[in-house]
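2 protein chains.
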Amino acid sequence: MNSALSFLIGARRCEIDELDQLARTSALVGTIGTLVHALQRERGISNVWLASGGRRFAAQREEQIAACLRAEEAVRSSFGRLDTEAPRIGNGARLFSRIAWVLPGLDALPELRRRVAAMALSAAEATAAFVKLIAGLLAVVFEAADGATDPEISRLLVAMFNFMQGKEFAGQERACGAAAFASGRNDGARQQQWLHLIESQERCFQVFVEFSGPALGELWRSSQPTAQLAEQERLRRIACAAPPGVSLDTELSQTWFDCCSRRIDAMQTIEERLAADLRLLCEQKTARARAELQAHEGLLAELAIEPGAASAAFFDEPPAPVAPPGQPRALAAPAPFGRQLERSVLEMVQEQSHRLQAMSDELETVRAALNERKLVERAKGLLMAYRRMSEEEAHKMLRRTAMSQGRRLVEVAESVLSMAEYLPADPVR
Amino acid sequence: MNSALSFLIGARRCEIDELDQLARTSALVGTIGTLVHALQRERGISNVWLASGGRRFAAQREEQIAACLRAEEAVRSSFGRLDTEAPRIGNGARLFSRIAWVLPGLDALPELRRRVAAMALSAAEATAAFVKLIAGLLAVVFEAADGATDPEISRLLVAMFNFMQGKEFAGQERACGAAAFASGRNDGARQQQWLHLIESQERCFQVFVEFSGPALGELWRSSQPTAQLAEQERLRRIACAAPPGVSLDTELSQTWFDCCSRRIDAMQTIEERLAADLRLLCEQKTARARAELQAHEGLLAELAIEPGAASAAFFDEPPAPVAPPGQPRALAAPAPFGRQLERSVLEMVQEQSHRLQAMSDELETVRAALNERKLVERAKGLLMAYRRMSEEEAHKMLRRTAMSQGRRLVEVAESVLSMAEYLPADPVR
Chain A
276 MNSALSFLIG ARRCEIDELD QLARTSALVG TIGTLVHALQ RERGISNVWL
326 ASGGRRFAAQ REEQIAACLR AEEAVRSSFG RLDTEAPRIG NGARLFSRIA
376 WVLPGLDALP ELRRRVAAMA LSAAEATAAF VKLIAGLLAV VFEAADGATD
426 PEISRLLVAM FNFMQGKEFA GQERACGAAA FASGRNDGAR QQQWLHLIES
476 QERCFQVFVE FSGPALGELW RSSQPTAQLA EQERLRRIAC AAPPGVSLDT
526 ELSQTWFDCC SRRIDAMQTI EERLAADLRL LCEQKTARAR AELQAHEGLL
576 AELAIEPGAA SAAFFDEPPA PVAPPGQPRA LAAPAPFGRQ LERSVLEMVQ
626 EQSHRLQAMS DELETVRAAL NERKLVERAK GLLMAYRRMS EEEAHKMLRR
676 TAMSQGRRLV EVAESVLSMA EYLPADPVR
Chain B
276 MNSALSFLIG ARRCEIDELD QLARTSALVG TIGTLVHALQ RERGISNVWL
326 ASGGRRFAAQ REEQIAACLR AEEAVRSSFG RLDTEAPRIG NGARLFSRIA
376 WVLPGLDALP ELRRRVAAMA LSAAEATAAF VKLIAGLLAV VFEAADGATD
426 PEISRLLVAM FNFMQGKEFA GQERACGAAA FASGRNDGAR QQQWLHLIES
476 QERCFQVFVE FSGPALGELW RSSQPTAQLA EQERLRRIAC AAPPGVSLDT
526 ELSQTWFDCC SRRIDAMQTI EERLAADLRL LCEQKTARAR AELQAHEGLL
576 AELAIEPGAA SAAFFDEPPA PVAPPGQPRA LAAPAPFGRQ LERSVLEMVQ
626 EQSHRLQAMS DELETVRAAL NERKLVERAK GLLMAYRRMS EEEAHKMLRR
676 TAMSQGRRLV EVAESVLSMA EYLPADPVR
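Chains as they are written, first to last, in the numbering used here: chain A, 276 to 704; chain B, 276 to 704.
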């Protein structure tokens, strides 16, 4: 029985280890949220600076760069707190390689800013650079969500990832609309992209509401005053329903930008609340797991005093049925010696298996919400391998197909994957 | 660039850590295979001993118990080599809790043997005890397969689990047939169970062939001489096609037992080969990962000498498309300084992400083969929670339904799960 209990304790230690690691990645996700928000603002400000030939937003740009540097510092030190020397992390390899991917992007920021300052690139080029960096940061959040082993924490991380991704689509929509109004007209391709950004962000916020729980969902709804939503929809309609070629009121550019910015800034509040909830949940779970570990260790100490002759209790009919999944029973009642103690260990073992089983079932359900993105990534990989495309080209091709066929991106990705067997056996080299 | 490379190296370390852990669990799986084989023989011998009122197999039983004790010792020391103090294992919690479940079973073996020696239980009771213990050992192998993070190793572990499970069904079929022939008649219920055992083992061996690769598949086919298969099928037909009540030739009991035993002993050879392949694969993979880690570390040392000014290479169009998934490119060519070096780090990072993505896609495909068992477990859990059943009762109920409706166990499990929403909101307490 002693050795069984040691493994039971080992299992608990694994859970605690994972919770500790989750607390660190959750903190990291929080700092990434702040950095992404700062970079989204810098992207918007840089656009105006470039589009105005350097006449507008010079001071705001300096201020925003300073804010970005502070947020970047926090992200870098969260990265530093992940232990790459002695990693004990579920999908550590994937998380670390996403971080390795994004770090050169952070390193290259000063050079990007130098070029923006020198007007050495267009607003579109600057936007593309920020989009790429933010996508890299979101990929880190995605892996953190996908690697979580606790279903409740995973649930909040999935909500967080989707919220951040939705916010990024909202930021891209702001840039897209600002460019359209500023240029005084909209064309068909931009309208299509705009609609795609609206649809993608709505999908993300749906998933967020589904996974974040009622309190945050309510906060999200109340953070978007109806008047503001109506104003945004009116501006969307003016630009997107206008027949190509019809000119747009360039004055609306600022109105649009301000309207979007109010909405996006409100999102930042929700995101901070989510990050705080996540921290709290990690703390609570760790505390509970530690308390249970102590109880197990206490029992082990008792068993060491009274080793209890091995009996065939294992082979007898099992005791009363265990608690339903997800509802662990209280630890075995006292009266803890001899055969009774042995029984209580057997019951604990059985309860633990059922609890872990229930957790892993639930985890699977939660992770399914991440599958859409995985399908899209997989389809991109296929196109890259077989059509010699870069990642950007593959993504554009998928999006173009989705737009022209009026289907969702994930549906196109599924079609591409289902056609994989018709591709030549050997990819183009 | 330095920090990106450190995370790239951290990602590699994670992989190596996981491979080391996989090597340990693979070794454990090998020792479990030997113990299960020994216990299967002890189960058969104990049955004959009990059925013959202690007249037959007394010496064989002593010998077999000695063999079991040796195999048990090996399993226990493999358990001991898993580090429960500082676990670094993917699904460690689940693996450890399965081990915690099975250890009391091993502890209870001496008592079980004492009762067998004293004829204090029936052959059916002894069989049930051994079946329960073996099922616990197979559950450990299942978790080892489900927790593997390397798709090739996972593939072999899935093959191994299915082979071991198939072999166990074959062992149960031997016992079932031996009891039928020995009693001189077969009844409908036993015929049904017998057919279920045939179908289940065939399904397991199919999955084994699918995942073990052509060489082992060939070995498996050639290990089963046609004449022997024909003899087994003939005996199956005699017993299972006989109308209930018709008497069977009791002399066939020994013929049946020997025929099955030859087949099961041949299985042991395949299993040992699988275990050896698994060990070899783990060694090769670890060696390769370590060599790549060294190459990365060499590059990091070079970068430390020549830090290379941060440029905006990250934001430029990506270099030539990466290798197709699953085919990592060679490390970047030499000419390793300054911007060129930076590019090669970016390429390495990108290749690593794509490689990890491809690995995780493949892993998902391999693990899908384990889903059937998971569905059955989940359906059992549901029945236990809502119908106040023990695990055994739940399993019997599912199997009975499958038999009476002529459906596969997994199909019944799926139906049960799909009806979950019709169950009352609160399970019976």
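Positions of the beta carbon are idealized from the N, C-alpha and C atoms, including for glycine.
These numbers come from a predicted model, not from an experiment.
Distance check between A/Pro379 and each of B/Phe590, B/Thr530, B/Glu493, B/Ala564 places B/Phe590 closest, using alpha-carbon atoms only. Per the DSSP secondary-structure output, B/Arg460 pairs in a beta bridge with B/Ser522. Less than 9 Å separates the beta-carbon of B/Leu574 from that of B/Ser619. Of the residues A/Leu470, A/Glu567, A/Arg548, the one whose Cα lies closest to the Cα of A/Val304 is A/Arg548. In the same chain as A/Ala349, and ignoring 5 residues on each side of it, the C-beta atoms closer than 8 Å to its own belong to Thr306, Thr309, Leu310, in chain order. According to the DSSP assignment, A/Asn366 belongs to no alpha helix (DSSP H), since it is labelled neither H nor E. The criterion of a C-beta distance shorter than 9 Å is satisfied by B/Arg369 and B/Glu418. Residues of the segment 619-630 of chain B that bring their beta carbon within less than 9 Å of a beta carbon in chain A comprise Val620, Leu621, Met623, Val624, Gln625, Gln627, Ser628, His629, Arg630, in sequence order. Chain-ordered, the chain B residues with CB closer than 7 Å to the CB of A/Leu378 read Ser278, Ala279, Phe282.
Here B/Glu317 is buried. Its C-beta has 16 or more other C-beta atoms within 10 Å. Considering only beta carbons, the part of the segment 643-667 of chain A lying closer than 7 Å to chain B consists of Glu652, Arg653, Gly656, Met659, Ala660, Arg663, Met664, Ser665, Glu666, in chain order.
Each of A/Pro500, A/Gly328, A/Trp324 was checked against the Cα of A/Arg336, and the nearest Cα belongs to A/Trp324.
DSSP places B/Asp421 in the uninterrupted alpha helix (DSSP H) bounded by 398-422.
Contact check between the segment 412-432 of chain A and the segment 519-533 of chain A: fewer than three CB pairs, one atom from each, fall below 8 Å, which does not count as touching. Between the segment 455-471 of chain B and the segment 510-522 of chain B, the count of C-beta pairs closer than 8 Å reaches three or more; the two stretches touch. Less than 9 Å separates the beta-carbon of A/Met623 from that of A/His571.
For a cut-off of 8 Å, the C-beta gap from B/Ala423 to B/Leu297 is around 6 Å, short enough to register as a contact. DSSP, read as helix, strand or coil, puts B/Met542 in helix. Against chain B, a Cβ distance below 8 Å from A/Ser372 picks out Phe282, Leu283, Ala286, Val624, Gln627, Ser628, Leu631.
Taking a cut-off of 8 Å for Cβ pairs, the segment 426-443 of chain B and the segment 535-546 of chain B touch, as three or more such pairs fall below it. Shown here for A/Thr300: same chain residues with a beta carbon closer than 6 Å to its own, the five before and five after excluded, namely Ala419 in chain order. Taking 9 Å as the upper bound on Cβ-Cβ separation, chain A lies near no residue of the segment 489-521 of chain B. With fewer than 16 other beta carbons inside 10 angstroms of its own, A/Asn646 counts as exposed.
DSSP places B/Ser693 inside the alpha helix (DSSP H), whose first and last residues are 684-693.
Distance from the CA of A/Arg683 to the CA of A/Ala677, rounded to the nearest whole angstrom, comes to 6 Å. Using a CB distance cut-off of 9 Å, B/Thr306 does not count as an interface residue toward chain A. Listed along chain B, the residues sitting closer than 9 Å to A/Asp636 by beta-carbon distance are Lys649, Glu652, Arg653, Gly656. The straight-line gap separating the alpha-carbon atoms of A/Glu668 and B/Ser475 is approximately 48 Å. Collapsing the DSSP output to three states places B/Phe589 in a helix. Taking a beta-carbon distance threshold of 9 Å, B/Asp533 does not count as an interface residue toward chain A. For B/Glu427, there are no neighbours in chain A by C-beta distance under 7 Å, as the nearest C-beta there is about 15 Å away. The shortest C-alpha to C-alpha distance from B/Ser353 to any of B/Glu666, B/Ala505, B/Ile374 is the one to B/Ile374. In this structure, DSSP gives A/Met664 a state outside helix and strand, which the three-state scheme calls coil. In this chain, A/Pro500 is not harboured by any alpha helix (DSSP H), its DSSP state being neither H nor E. Less than 9 Å separates the beta-carbon of B/Ala401 from that of B/Asn322. If you look at A/Arg351, you'll find it in the alpha helix (DSSP H) that goes 333-356.
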